[in-house]
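Engineer: Quick one: structure below, then a few questions.
Protein chains: 4
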Amino acid sequence: MTKFALTVTCDSARGIVAAIAGFLAEHGCNITDSSQFDDTETGRFFMRVSFTSEKGATLDKMSDDFSAISSGFGMDFAFHDEAVRMKVIIMVSRFGHCLNDLLYRWRIGALPIDIVAVISNHMDYQKVVVNHDIPFHCIPVTKANKPDAEARIMEVVDATGADLIVLARYMQVLSDRMCQQMSGKIINIHHSFLPSFKGANPYKQAYERGVKLIGATSHYVTADLDEGPIIEQDIARVTHAQSPADYVSLGRDVESQVLARAIHAHIHRRVMLNGNKTIVFPASPGSYASERMG
Amino acid sequence: MTKFALTVTCDSARGIVAAIAGFLAEHGCNITDSSQFDDTETGRFFMRVSFTSEKGATLDKMSDDFSAISSGFGMDFAFHDEAVRMKVIIMVSRFGHCLNDLLYRWRIGALPIDIVAVISNHMDYQKVVVNHDIPFHCIPVTKANKPDAEARIMEVVDATGADLIVLARYMQVLSDRMCQQMSGKIINIHHSFLPSFKGANPYKQAYERGVKLIGATSHYVTADLDEGPIIEQDIARVTHAQSPADYVSLGRDVESQVLARAIHAHIHRRVMLNGNKTIVFPASPGSYASERMG
Amino acid sequence: MTKFALTVTCDSARGIVAAIAGFLAEHGCNITDSSQFDDTETGRFFMRVSFTSEKGATLDKMSDDFSAISSGFGMDFAFHDEAVRMKVIIMVSRFGHCLNDLLYRWRIGALPIDIVAVISNHMDYQKVVVNHDIPFHCIPVTKANKPDAEARIMEVVDATGADLIVLARYMQVLSDRMCQQMSGKIINIHHSFLPSFKGANPYKQAYERGVKLIGATSHYVTADLDEGPIIEQDIARVTHAQSPADYVSLGRDVESQVLARAIHAHIHRRVMLNGNKTIVFPASPGSYASERMG
Amino acid sequence: MTKFALTVTCDSARGIVAAIAGFLAEHGCNITDSSQFDDTETGRFFMRVSFTSEKGATLDKMSDDFSAISSGFGMDFAFHDEAVRMKVIIMVSRFGHCLNDLLYRWRIGALPIDIVAVISNHMDYQKVVVNHDIPFHCIPVTKANKPDAEARIMEVVDATGADLIVLARYMQVLSDRMCQQMSGKIINIHHSFLPSFKGANPYKQAYERGVKLIGATSHYVTADLDEGPIIEQDIARVTHAQSPADYVSLGRDVESQVLARAIHAHIHRRVMLNGNKTIVFPASPGSYASERMG
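Residue numbers (this note's numbering), protein chains in the order written: chain A, 1 to 294; chain B, 1001 to 1294; chain C, 2001 to 2294; chain D, 3001 to 3294.
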């Protein structure tokens, strides 16, 4: 039995759910989970439906047949086979906690993705990546070689057919061009509770402001630094007795989890863009479960 | 424009969502929010649909018409008019924080209910209740008069037509008979993280065990003390430096919020019973907003 | 047996703790709780000591005797009698949840303060305040009368001898002059996770930015709007399915608790100013416990 | 400059802090952090003092000199050199998330310990441990060989001079004898919010009870299974839509963090036993900071 997901966006109108549910029933599909959101401010409708097919439905056939419905409502839609894993590139600089965390989740199948490459501007994590049998690309970045470096990164993206780039504490700013080209396909973790403390040294900024909670924010990367649509955020409590270096340690756990949750939502097609905001539908039953003990 | 909710439970089967969505579309209704859950363990299906009618649908007509669908799937279902407020009785003993909290939420319309009575076995809160223009019934309970006292409580229930009893730190155990008679209609707040520390003095029990978090649990009342289906739970951090009397204070905030959240979910028909567990669907957009400033 | 607190600030030096502890022992005092902080960045030392006296020590005598020690270390210090309650003025505009919350905590003795006045620029809460036998002052504020209104506020401050002003959702900006005059004696609650979303309509700002957590911040008021030293912060989770009006409701609980915690810390002399930051020492054992059941 | 910690327990009495602080001042030591707790229920006093020596104090000399003071108050005490790392054995069965997490923290110096061995009853983590240049001991456990296996474990303990055993999801119950022999030196992580759901399959138990939060508890191991003194606990939110297998995934993050926090507190001598409860003093400034970037 195969599991599928359908994502739909269109203007709100009566009968959308009936049309979608009717279509799936006619095609012998069982809806196993469904979430929707009507944005009354913009008049846009968003839906994610999980379903199984008992009749061996193929995505191509479904997509073709669905066009009759989608055209009536002016829908953007996509069918996804949950068994097809997203191809993901992880990029990292010198802080490796998110990388370590993601590799573990990937290893036990808690993040069902294919990691097709790890790219870094440093050599620190070559060994650990290679031990996981994942191709490691060291692409140093300097002021002088920046465009070249990015071209090399894009070569890896093209060669691997990557669906998603995860910036797991990658400390180089990407060019506007790359941001646009990969729009909605690059997820970053920023070590502050955005919109507070954008840019460099957010923990130091937080320390100097004297906040009582530090945070982390995972968001899609856009050409505006740290301004992209937020997917997930969380915080940790700090006191006067913690230094910026303490914040770095306390923040590691928050960053790792916030990034992992954002990726989990993205790969299960639970995130939908709504202008500069995101809709993040709840996880489907069983979707957190890992594939292997570990 | 009227807002309605439909709740449905039945055995899982293909086409349920299509049938429901189709029915609503045919009756000129717009689905504004929808949540569903398939319990793969029990094979039961649960759904809550919010919708508006542009054609002046009446609940009776909808219910009648829906029977064609419901009988096919063997559905338990109910249509609810969101403009019709539940009639609620609050019961309280000597700790008044939940009462105070609920009265405030009710006053500003954050909990759209009709409080038809406050019943207490003590006189402490007579004045505050009367100041809110709510009927106050003092029904003292002793070992000797227990059945009589409960009969008087049930008289108030009957006379007011109450849909829900909230035990807002009411410290008397209700009889099995009353629990069964009002099954699924009595919500309690217990000041522990159930199933830990059932019964009396949970904060003292927690202190003696040396836990690092204290909790509160809101649940439907059943004949088994503190064993009913859990609706909501939350916790607060404590340290070695807090005494049981400190726990009581720190716990007040948790109890008040957990109880209010459980009531919010119940009155919006977001809670569905699934054996001794509950399904609690997410809040519909706008449902937290209060009706009045305050 | 009387409980006292001593707060001390000075430049770091060897022997401070020994000098203080020795002084207290010589004066027949038992240290029951003690917290200290060395700010290695600024070289400043901060300490709070709780103690009891078995020999009927008086604050005046202690202060006089302590000058021998304090002058040697260049200490700022103060002895406090925990039985002497701070005189507090609560100011509120049209959102009354913090007021309601504070009144309840005060009523049961969970916040051991004397509320000497409630001041509002509206009449909404006159009745509830009067029901608590607290003097209510309605001082409307317009562009035209602002200086006069503030003069009237300061008259109440002077007449009552207030030690602390709590801005419990008071929506008027105080003048620089008043901020300076009452420096360290005005606590505000701002309904955002500062430094994000300063100024007006923070929930709307948060909604438009698409954050996944909303927050509240309690801070001392300075002439820089929403820039004063932060005492306490907390957050609540929101999703795409919540509107700004939902945020207002979800934020109420966070605001009420954050403000109450900040006041609790302030009145127990647990907050010490360190430049534009605060040191907030942990609560002493038993200090959360309320004086009365309720 | 060396950093030291002094831990003291004795019956409460006037002058303890003065005696300790005076002693340290006389020995040319600067107190950098200090926490104390008076248990008014038992009359016991607990203190932890961090200090630096400018005069090259040695632990032996300090201990000897301190005996004059300690004997007067009947103190149990210990001086610790913060530069001397605890020798730690990690034990693990088939779930490796805590191991992976601890290895990462150890690698970057966020947990300043010496991992002298990893012991497992399975082979799963041999490679990862060896890649970290840590001795790996596979000691299978069966009903038949249990005493022998434990004897082999104790041989490793003796041979390495381990100060602490961390049960990082080690699924075998240790004998009473070993628990007593290593009393206060074995830290376990249990995947429930104790005292709820002791023993086997706590996530399944939690699922069946229908709780809305799952938890993890780190505690010292005693002969009573899952009844030892609790060091740290935390929780994660679950909904009806999560299965026991989902709980396992969501619980991993909580378990890893709770265990790491408990170890952090233990190795910094912040945990003191108080009957079957623990005192956990706040972390000293800078103690979370890692020694290396990573």
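All C-beta atoms, glycine included, are put in the ideal place defined by N, C-alpha and C.
Between the alpha carbons of Gly2251 (chain C) and Pro3282 (chain D), how many angstroms are there, rounded?
Structural biologist: Using only the alpha carbons, I get a separation of about 29 Å.
Engineer: Helix, strand or coil: which one does DSSP assign to Ser2218 (chain C)?
Structural biologist: Reduced to three states, the DSSP call for Ser2218 (chain C) is strand.
Engineer: When burial is assigned at 16 or more other CB atoms within 10 Å of the CB, is Val2130 (chain C) buried or exposed?
Structural biologist: Exposed is the call here.
Engineer: With which residues is Asn1030 (chain B) paired in a DSSP beta bridge?
Structural biologist: B:Thr1052, per the DSSP bridge assignment.
Engineer: Is Ser1290 (chain B) closer than 9 Å to Gly1109 (chain B) when the C-beta atoms are compared?
Structural biologist: In contact: Gly1109 (chain B) and Ser1290 (chain B) (Cβ atoms closer than 9 Å).
Engineer: Using a Cβ cut-off of 8 Å, pull out every chain B residue sitting near Glu2285 (chain C), in sequence order please.
Structural biologist: Looking at the sequence itself, residue 2285 (chain C) is Pro, so the reference to Glu does not match. Residues of chain B passing the Cβ test: Ala1241, Gln1242, Ser1243, Asp1246.
Engineer: Taking 8 Å as the cut-off, is the CB of Asn2201 (chain C) close to at least one heavy atom of the ligand GDP?
Structural biologist: The ligand GDP is not part of the structure shown, which contains no ligands of any sort.
Engineer: Within 9 Å of any Cβ in chain B, is that where the Cβ of Lys3204 (chain D) sits?
Structural biologist: Taking Cβ atoms only, chain B never reaches closer than 9 Å to Lys3204 (chain D), which makes this a no.
Engineer: In whole angstroms, what is the alpha-carbon distance linking Arg14 (chain A) and Ile1235 (chain B)?
Structural biologist: In a straight line, the C-alpha of Arg14 (chain A) is about 42 Å away from that of Ile1235 (chain B).
Engineer: Note down, in chain order, each residue of its chain lying with its Cβ closer than 6 Å to the Cβ of Glu3054 (chain D), except the 5 sequence neighbours on either side.
Structural biologist: Taken in chain order, the residues that qualify are Gly3028.
Engineer: With 9 Å as the threshold, decide whether the Cβ of Gly3295 (chain D) is near any Cβ in chain B.
Structural biologist: Residue 3295 (chain D) is absent from the structure shown; chain D starts at 3001 and stops at 3294.
Engineer: Between which two residues does the alpha helix (DSSP H) carrying Phe1066 (chain B) extend?
Structural biologist: Start and end: 1059-1073.
Engineer: Do the stretch 1060-1073 of chain B and the stretch 1089-1108 of chain B make contact, defined as three or more Cβ pairs closer than 8 Å?
Structural biologist: Verdict: no, contact absent.
Engineer: I need the boundaries of the alpha helix (DSSP H) containing Ser2183 (chain C), first residue and last residue.
Structural biologist: Looking at the DSSP string, Ser2183 (chain C) is not in any alpha helix (DSSP H), and its letter there is neither H nor E.
Engineer: Cβ of Ala2260 (chain C) less than 9 Å from any chain D Cβ?
Structural biologist: No, Ala2260 (chain C) does not count as interfacial toward chain D.
Engineer: In chain C, which residues lie with their C-beta within 7 Å of the C-beta of Leu1250 (chain B)?
Structural biologist: In chain order: Tyr2288.
Engineer: Let me see if you follow: with CB-CB separation under 9 Å, is Pro3282 (chain D) close to chain C or not?
Structural biologist: So yes, Pro3282 (chain D) belongs to the interface.
Engineer: Does DSSP put Gln233 (chain A) in a helix, in a strand, or in coil?
Structural biologist: Gln233 (chain A) falls in the strand class under three-state DSSP.
Engineer: So with CB distances below 9 Å, who are the chain A contacts of Phe2193 (chain C)?
Structural biologist: Neighbours of Phe2193 (chain C) on chain A, chain order: Phe193, Ser196, Val211, Leu213, Gly215, Ile235.
Engineer: Shortest alpha-carbon distance to Asp3226 (chain D) belongs to which of D:Asp3246, D:Ser3196, D:Gly3210?
Structural biologist: It is D:Ser3196.
Engineer: By the criterion of Cβ-Cβ separation under 8 Å, what are the contact partners of Asn3100 (chain D) in chain A?
Structural biologist: Simply Asn100, Tyr104.
Engineer: Go through its chain and collect everything with a Cβ distance to Ser2284 (chain C)'s Cβ below 6 Å, but skip five positions before and after it.
Structural biologist: Here the set comprises Asp2033, Ser2050.
Engineer: Near Ala2021 (chain C), what residues of its chain come up, given a Cβ to Cβ distance below 7 Å and the 5 sequence neighbours on each side ignored?
Structural biologist: Cβ within range, chain order: Ile2031.
Engineer: Residues of chain C with CB closer than 9 Å to the CB of Ala1083 (chain B), please, in chain order.
Structural biologist: What Ala1083 (chain B) touches in chain C: nothing, since even the nearest Cβ is about 18 Å away.
Engineer: Please specify which runs of the beta strand (DSSP E), each continuous and at least 3 residues long, are wholly inside the stretch 1127-1171 of chain B, giving them in chain order.
Structural biologist: The qualifying runs are 1136-1138, 1164-1167.
Engineer: Closer than 9 Å, CB to CB, is Ile2139 (chain C) near chain B or not?
Structural biologist: Cβ-Cβ to chain B under 9 Å: no for Ile2139 (chain C).
Engineer: Report back the beta-carbon spacing between Thr1278 (chain B) and Pro1229 (chain B) to the nearest angstrom; my notes put them in contact at under 8 Å.
Structural biologist: At roughly 5 Å, the Cβ-Cβ gap stays under 8 Å, so Thr1278 (chain B) and Pro1229 (chain B) are in contact.
Engineer: At least one CB of chain B closer than 9 Å to the CB of Phe2095 (chain C): is that the case?
Structural biologist: Answer yes: the Cβ-Cβ gap between Phe2095 (chain C) and chain B drops below 9 Å somewhere.
Engineer: Could you say if the stretch 2097-2108 of chain C and the stretch 2172-2184 of chain C meet the contact criterion of at least three C-beta pairs nearer than 8 Å?
Structural biologist: The answer is no - the stretch 2172-2184 of chain C does not touch the stretch 2097-2108 of chain C, with fewer than three Cβ pairs under 8 Å.
Engineer: Thinking C-beta only, is Ala2262 (chain C) closer than 9 Å to Ile2231 (chain C)?
Structural biologist: Yes; because the gap between Cβ atoms is below 9 Å, this pair is in contact.
Engineer: What does the alpha-carbon distance come out to for the pair Ala3200 (chain D) and Arg1169 (chain B)?
Structural biologist: C-alpha separation (whole angstroms): 34 Å.
Engineer: Counting C-beta neighbours from all protein chains within 10 Å, is the total for Ala1144 (chain B) 16 or more, i.e. buried, or is it exposed?
Structural biologist: So Ala1144 (chain B) ends up on the exposed side.
Engineer: Return helix, strand or coil for Ser2192 (chain C), following the three-state DSSP convention.
Structural biologist: Correct three-state label for Ser2192 (chain C): coil.
Engineer: Along the stretch 2012-2036 of chain C, what residues have a CB closer than 9 Å to any CB found in chain A?
Structural biologist: Listed in sequence order: no entries.
Engineer: Which chain C residues sit within Cβ distance under 9 Å of Ile279 (chain A)?
Structural biologist: Going along chain C in sequence order, the residues near Ile279 (chain A) (Cβ under 9 Å) are Thr2239, His2240, Ala2241.
Engineer: May I ask you to list, following chain order, the residues of the stretch 115-135 of chain A that have a beta carbon less than 7 Å from some beta carbon of chain D?
Structural biologist: Correct list: Asn131.
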